[in-house]
Amino acid sequence: MSESRPNNPMSRTSVIDEYFLDHRAKLLDIAAFLDRVDRAPGDAAEDFRMRAFRNALALLDDGSSERARRVLESMSDQTTELIDVAPGKGACGTPPPEGPGA
Amino acid sequence: MSYIDPHIHMVSRTTDDYRRMALSGCVAITEPAFWAGYDRSSPQGFYDYFQQLTHTEPARAAQYGINHHCWLCINPKEAEDPGFAREVMALIPEFLACDTVLGIGEIGLNKNSKNEMAILEEHLAFAQQHDQLVLVHTPHLEDKRKGTFLIMDAIANTTLNPGRVLIDHVEEHTVRDVLDRGFWAGMTLYPETKCTPQRAADIIEMHGTERLWMNSAGDWGDSDPLAVPKAIVEMRRRGHSAETIRQATLENPKTFLGQSPRFKPGDA
Ligand SMILES: [Zn+2]
Numbered sequence: 008m009s010e011s012r013p014n015n016p017m018s019r020t021s022v023i024d025e026y027f028l029d030h031r032a033k034l035l036d037i038a039a040f041l042d043r044v045d046r047a048p049g050d051a052a053e054d055f056r057m058r059a060f061r062n063a064l065a066l067l068d069d070g071s072s073e074r075a076r077r078v079l080e081s082m083s084d085q086t087t088e089l090i091d092v093a094p095g096k097g098a099c100g101t102p103p104p105e106g107p108g109a
Numbered sequence: 003m004s005y006i007d008p009h010i011h012m013v014s015r016t017t018d019d020y021r022r023m024a025l026s027g028c029v030a031i032t033e034p035a036f037w038a039g040y041d042r043s044s045p046q047g048f049y050d051y052f053q054q055l056t057h058t059e060p061a062r063a064a065q066y067g068i069n070h071h072c073w074l075c076i077n078p079k080e081a082e083d084p085g086f087a088r089e090v091m092a093l094i095p096e097f098l099a100c101d102t103v104l105g106i107g108e109i110g111l112n113k114n115s116k117n118e119m120a121i122l123e124e125h126l127a128f129a130q131q132h133d134q135l136v137l138v139h140t141p142h143l144e145d146k147r148k149g150t151f152l153i154m155d156a157i158a159n160t161t162l163n164p165g166r167v168l169i170d171h172v173e174e175h176t177v178r179d180v181l182d183r184g185f186w187a188g189m190t191l192y193p194e195t196k197c198t199p200q201r202a203a204d205i206i207e208m209h210g211t212e213r214l215w216m217n218s219a220g221d222w223g224d225s226d227p228l229a230v231p232k233a234i235v236e237m238r239r240r241g242h243s244a245e246t247i248r249q250a251t252l253e254n255p256k257t258f259l260g261q262s263p264r265f266k267p268g269d270a
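The listed protein sequences derive, respectively, from chains A and B. Here the first sequence is numbered in this note's numbering, starting from 8 and rising by one per residue. Here the second sequence is numbered in this note's numbering, starting from 3 and rising by one per residue.
#1: For ligand 1, is there a heavy atom less than 6 angstroms away from the beta-carbon of B:ALA81?
#2: Quick one: list the residues of chain A neighbouring B:LEU143, beta-carbon separation under 8 angstroms, in chain order.
#3: May I ask you to report which of helix, strand or coil DSSP gives B:GLY105?
#4: So which residues put a beta carbon under 5 angstroms from any heavy atom of ligand 2, going in chain order?
#5: Mind pulling the chain A residues with CB within less than 9 angstroms of B:GLY241?
#6: Measure from the alpha carbon of B:LEU137 to the alpha carbon of each residue in B:ASP50, B:PHE185, B:PHE48 and B:TYR51, then state which is nearest.
#7: For A:SER9 and chain B, any beta-carbon pair shorter than 7 angstroms?
#8: For A:SER83, is the classification buried or exposed, using 16 other Cβ atoms within 10 angstroms of its Cβ as the cut-off for buried?
#9: Terminal residues of the continuous alpha helix (DSSP H) containing B:VAL167?
#10: Quick one: grab the DSSP three-state call for B:PRO8.
#11: In the region 244-258 of chain B, which residues sit with their C-beta less than 7 angstroms from some C-beta in chain A, listed in chain order?
#12: Please name the residue, chosen from B:ALA63, B:GLY67 and B:PHE36, that lies closest to B:ALA87 on a Cα-to-Cα basis.
#13: Can you confirm whether the region 41-55 of chain B touches the region 117-125 of chain B when touching is taken to mean that 3 or more C-beta pairs between the two stretches lie within less than 8 angstroms?
#14: Which residues of chain B have a Cβ atom closer than 9 angstroms to the Cβ of A:ARG12, listed in chain order?
#15: Of the residues that make up the region 162-178 of chain B, which ones have a beta carbon closer than 7 angstroms to any beta carbon in chain A?
#16: Spatial neighbours of B:LYS146 within its chain, please: C-beta separation below 6 angstroms, excluding the five flanking residues on both sides.
#17: Between the region 16-31 of chain B and the region 235-250 of chain B, are three or more C-beta pairs nearer than 8 angstroms?
#18: Along the chain, which unbroken stretches of the alpha helix (DSSP H) at least 4 residues long are found entirely within the region 24-95 of chain A?
#19: Assess, as a yes-or-no matter, whether the region 187-196 of chain B is touched by the region 144-164 of chain B under the definition of 3 or more beta carbon pairs within less than 8 angstroms.
#20: Can you give me the C-alpha to C-alpha distance between B:HIS9 and A:PRO48, rounded to a whole angstrom?
#21: Rounded to the nearest angstrom, what separates B:THR198 and A:ARG12 at their Cα positions?
#22: According to DSSP, is B:MET208 part of a helix, a strand, or is it coil?
#23: Roughly how many angstroms separate the alpha carbons of B:PHE52 and A:LEU67, rounded to a whole number?
#24: Using a Cβ-Cβ cut-off of 7 angstroms (strictly less than) and excluding sequence neighbours within five positions of B:LYS266, which residues of its own chain qualify?
Here it is in structure tokens:
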């Protein structure tokens with residue numbers, strides 16, 4: 008039988024060697040996206056999605072682990088009740104301020 | 003290396019995709035019934051779809067040496083009209099007799115609404131009554147966490163054995179609870195919006211290979227029918243053993259799906 012929880016066989020340096028450039032590029036994508044939002048006319052700072060985005064960004068550098076889980080939780084609907092009627096089929100990526108059934 | 007893609011929507015893919023999957027080592031697939039990107043206007047539309055799933059696709063796959071199986075239901079995105087959903091569900095018993103049908107799926111929730119839940123509960127009761135395996139779709143994005151918990155609670159209210167239920171589209175914030183409650187868990191490798199091959203490998207490193215599999219959920223949208231072999235490459239690149247990779251991409255699907263005597267794993 009296989010080991011049930013296989014550790015990453017790579018050393019920390021190998022992980023960085025392997026993935027640094029790729030994620031440096033992703034970091035630049037985020038930086039450029041935030042600049043693009045700032046440059047665009049309108050009150051983007053008030054958009055609930057951008058608020059959630061900035062909250063999530065803060066989680067990345069708070070010194071704790073399990074960042075992916077915590078980012079996903081920070082962008083999850085925290086209510087527990089079924090909604091009366093589905094407002095459509097799509098989702099916007101983070102809970103709207105008016106609640107999930109709106 | 004042989005692999006199984008246990009969740010892919012081949013009705014939306016070309017024959018060339020079957021060829022490329024076969025060349026990449028795919029020996030068997032299972033195709034859940036889902037939303038076509040538009041709402042069908044009548045139950046007859048579903049009748050035709052179920053015909054396609056049970057007859058057309060197995061024949062198309064067989065040309066490339068791939069064993070095709072399917073799951074039947076009305077998906078949660080078309081469950082907001084319960085009257086319509088029940089008419090579609092009434093078609094299922096006729097198709098259950100087909101020898102490539104493995105169970106009920108992909109059922110679940112989409113926006114976590116009352117009507118979606120009512121239809122989910124009726125599907126669960128049907129699966130229980132007919133002793134069928136169940137494949138569950140969990141909602142996307144902000145709705146996933148809440149929906150996953152509501153679905154697991156609904157299943158807990160039945161006598162269905164969690165070991166015969168796979169909860170799909172898990173991510174870092176749902177995988178632990180799904181496994182801890184005794185269910186099987188599926189990771190979906192969508193190129194942009196969902197789990198990447200890198201994150202899937204991370205999840206395996208954090209949560210192990212027990213009761214966990216991965217799939218492409220390739221469909222009509224932005225998706226990749228070769229996502230599973232790409233995850234195999236990612237795991238190899240990290241130095242994972244052939245045994246670990248085989249467990250996640252071949253043995254686990256064989257074990258879960260093999261609970262149906264109709265599942266044919268192929269040459270693997
Ligand atoms: Zn699907």
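Virtual Cβ for every residue (Gly too), placed ideally from N, Cα, C. Keep in mind the model is a prediction, meaning the values are calculated, not measured.
A quick look at the data gives this:
#1: On the second sequence, position 79 is the one that residue 81 of chain B refers to. B:ALA81 Cβ: outside cutoff for every heavy atom of ligand 1.
#2: Position 141 of the second sequence holds residue 143 of chain B. Under the 8 angstroms cutoff, chain A gives MET82, ALA98, CYS99, GLY100 and THR101.
#3: Within the second sequence, numbered from 1, the residue matching residue 105 of chain B stands at position 103. It is a strand residue.
#4: As far as ligands go, the structure on display features ligand 1 and does not contain ligand 2.
#5: Within the second sequence, numbered from 1, the residue matching residue 241 of chain B stands at position 239. Under the 9 angstroms cutoff, chain A gives ASN15, PRO16, MET17 and SER21.
#6: What you label residue 137 of chain B is simply residue 135 of the second sequence in a count that begins at 1. Of B:ASP50, B:PHE185, B:PHE48 and B:TYR51, the residue nearest in Cα terms is B:PHE185.
#7: Counted from its first residue, the first sequence places residue 9 of chain A at position 2. Reliability of the predicted coordinates at A:SER9 is poor, the pLDDT of 42 falling under 50, and no value is obtained from them.
#8: Walking along the first sequence from the start, residue 83 of chain A turns up at place 76. Flag for A:SER83 reads buried.
#9: Residue 167 of chain B sits at position 165 when you count from the first residue of the second sequence. No alpha helix (DSSP H) contains B:VAL167, which is instead part of the beta strand (DSSP E) from 167-169.
#10: Residue 8 of chain B sits at position 6 when you count from the first residue of the second sequence. It is coil, neither helix nor strand.
#11: GLU245, THR246 and GLN249
#12: Against the second sequence, residue 87 of chain B aligns to sequence position 85. For the residues B:ALA63, B:GLY67 and B:PHE36, the minimum Cα distance to B:ALA87 belongs to B:PHE36.
#13: no
#14: Residue numbering aside, residue 12 of chain A sits at position 5 when the first sequence is read from its first letter. By Cβ distance, chain B contributes ILE206, GLU207, MET208, HIS209, GLY210, THR211 and GLU212.
#15: GLU173, GLU174 and HIS175
#16: Taking the second sequence and counting its residues from 1, one reaches residue 146 of chain B at position 144. Around B:LYS146: THR140.
#17: no
#18: 55-67 and 74-81
#19: no
#20: As a position in the second sequence, residue 9 of chain B is number 7, starting the count at 1. As a position in the first sequence, residue 48 of chain A is number 41, starting the count at 1. Distance between the alpha carbons of B:HIS9 and A:PRO48: 43 angstroms.
#21: Within the second sequence, numbered from 1, the residue matching residue 198 of chain B stands at position 196. Within the first sequence, numbered from 1, the residue matching residue 12 of chain A stands at position 5. Near 19 angstroms, if we compare the C-alpha coordinates of A:ARG12 and B:THR198.
#22: The count along the second sequence starts at 1 and reaches residue 208 of chain B at position 206. Three-state result, B:MET208: helix.
#23: Position 50 of the second sequence holds residue 52 of chain B. Position 60 of the first sequence holds residue 67 of chain A. Roughly 45 angstroms separates the two Cα atoms.
#24: Taking the second sequence and counting its residues from 1, one reaches residue 266 of chain B at position 264. Around B:LYS266: ALA30 and ASN69.
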